[in-house]
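Below is one structure; the comments refer to it alone.
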Amino acid sequence: MSVNSSESEGLAQRLRNFVVVTVAVVLSVAVVLGLQTRTPSASLSDMAEASVPLNQAITNGKPTLVEFYANWCTSCQAMAGDLQQLKHEYQQDVNFVMLNVDNSKWLPEMLHYRVDGIPHFAFLDQSGNDAGAAMGEIPRAVLADNLTALVAGEKLPYAQAEGQTSDVETALEASGAPDDPRSHGAQVVQ
Numbered sequence: 068m069s070v071n072s073s074e075s076e077g078l079a080q081r082l083r084n085f086v087v088v089t090v091a092v093v094l095s096v097a098v099v100l101g102l103q104t105r106t107p108s109a110s111l112s113d114m115a116e117a118s119v120p121l122n123q124a125i126t127n128g129k130p131t132l133v134e135f136y137a138n139w140c141t142s143c144q145a146m147a148g149d150l151q152q153l154k155h156e157y158q159q160d161v162n163f164v165m166l167n168v169d170n171s172k173w174l175p176e177m178l179h180y181r182v183d184g185i186p187h188f189a190f191l192d193q194s195g196n197d198a199g200a201a202m203g204e205i206p207r208a209v210l211a212d213n214l215t216a217l218v219a220g221e222k223l224p225y226a227q228a229e230g231q232t233s234d235v236e237t238a239l240e241a242s243g244a245p246d247d248p249r250s251h252g253a254q255v256v257q
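In this text, residue positions in the sequence shown follow the working numbering: the first is 68, and each later residue adds one.
Below, the structure is given as structure tokens:
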């Protein structure tokens, strides 16, 4: 029994359709599995909730990494995963503190540490004294080197590191208050 050309074309079309559907199913399964195995990104709010309170960190005799951040800060969000990993590695030896710049409660600390861009990291020694700072999207390795030196009581290798930042937009600016944390205490005349 021979197959005529129209039956042959129909068979070829069905075979092509079957291949397309099979490839689509395989790609869909790969995408779903890839999304399920991907490391979830760290939530800044969750990280802040789990961080050590500042007053406890300054008095417990451990060195401290203070991060000034905001939930809207894309640079802060970009670094969240790395900071979560560093916290996991160093949490026995280093306090991790997160202070949200949108909370005017932290204005004195923002002025003290001269926060004018975020993320802003303040490295404090075991006594709570300033050991260095880093601002912006800092490579994980640079932060890790600083944390290792901080734990060892050594000078930070990257004591003034700087990367891409987000401008500080605090709750004070949103409310129209004249105190701008970027002014470092200067009075604004309106």
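All residues carry an ideal CB built from backbone N, CA and C; glycine is no exception.
Proximity below 7 Å, CB of residue i to CB of residue j
| i | j | result |
| --- | --- | --- |
| Ala189 | Ala200 | yes |
| Gly148 | Ala109 | yes |
| Asp169 | Ala137 | yes |
| Pro186 | Ser142 | yes |
| Gly184 | Met202 | yes |
| Val182 | Phe135 | yes |
| Met146 | Glu204 | yes |
Spatial neighbours of residue i in its chain, beta-carbon cut-off 7 Å, leaving aside the 5 residues before and after
| i | result |
| --- | --- |
| Leu223 | Phe190, Ala198, Gly199, Asn213, Ala216, Leu217 |
| Gly128 | Gln193 |
| Lys154 | Phe163 |
Where residue i falls, given that 16 or more other Cβ within 10 Å makes a residue buried
| i | result |
| --- | --- |
| Thr104 | Unreliable placement is indicated for Thr104, whose pLDDT of 42 sits below 50; the coordinate value is still reported in the next sentence. Answer is exposed; the Cβ neighbour count stays below 16. |
| Leu132 | buried |
| Pro175 | exposed |
| Gln159 | exposed |
Own chain, CB closer than 6 Å to residue i, minus 5 neighbours either side, in chain order
| i | result |
| --- | --- |
| Ala115 | Met165 |
| Ala226 | Gly199 |
| Gly195 | Ile125 |
For residue i, three-class secondary structure by DSSP
| i | result |
| --- | --- |
| Ala109 | coil |
| Leu82 | helix |
| Leu178 | helix |
| Gln193 | coil |
For the structure I just gave you, are there three or more beta carbon pairs, one from the segment 114 to 123 and one from the segment 160 to 169, closer than 8 Å? yes
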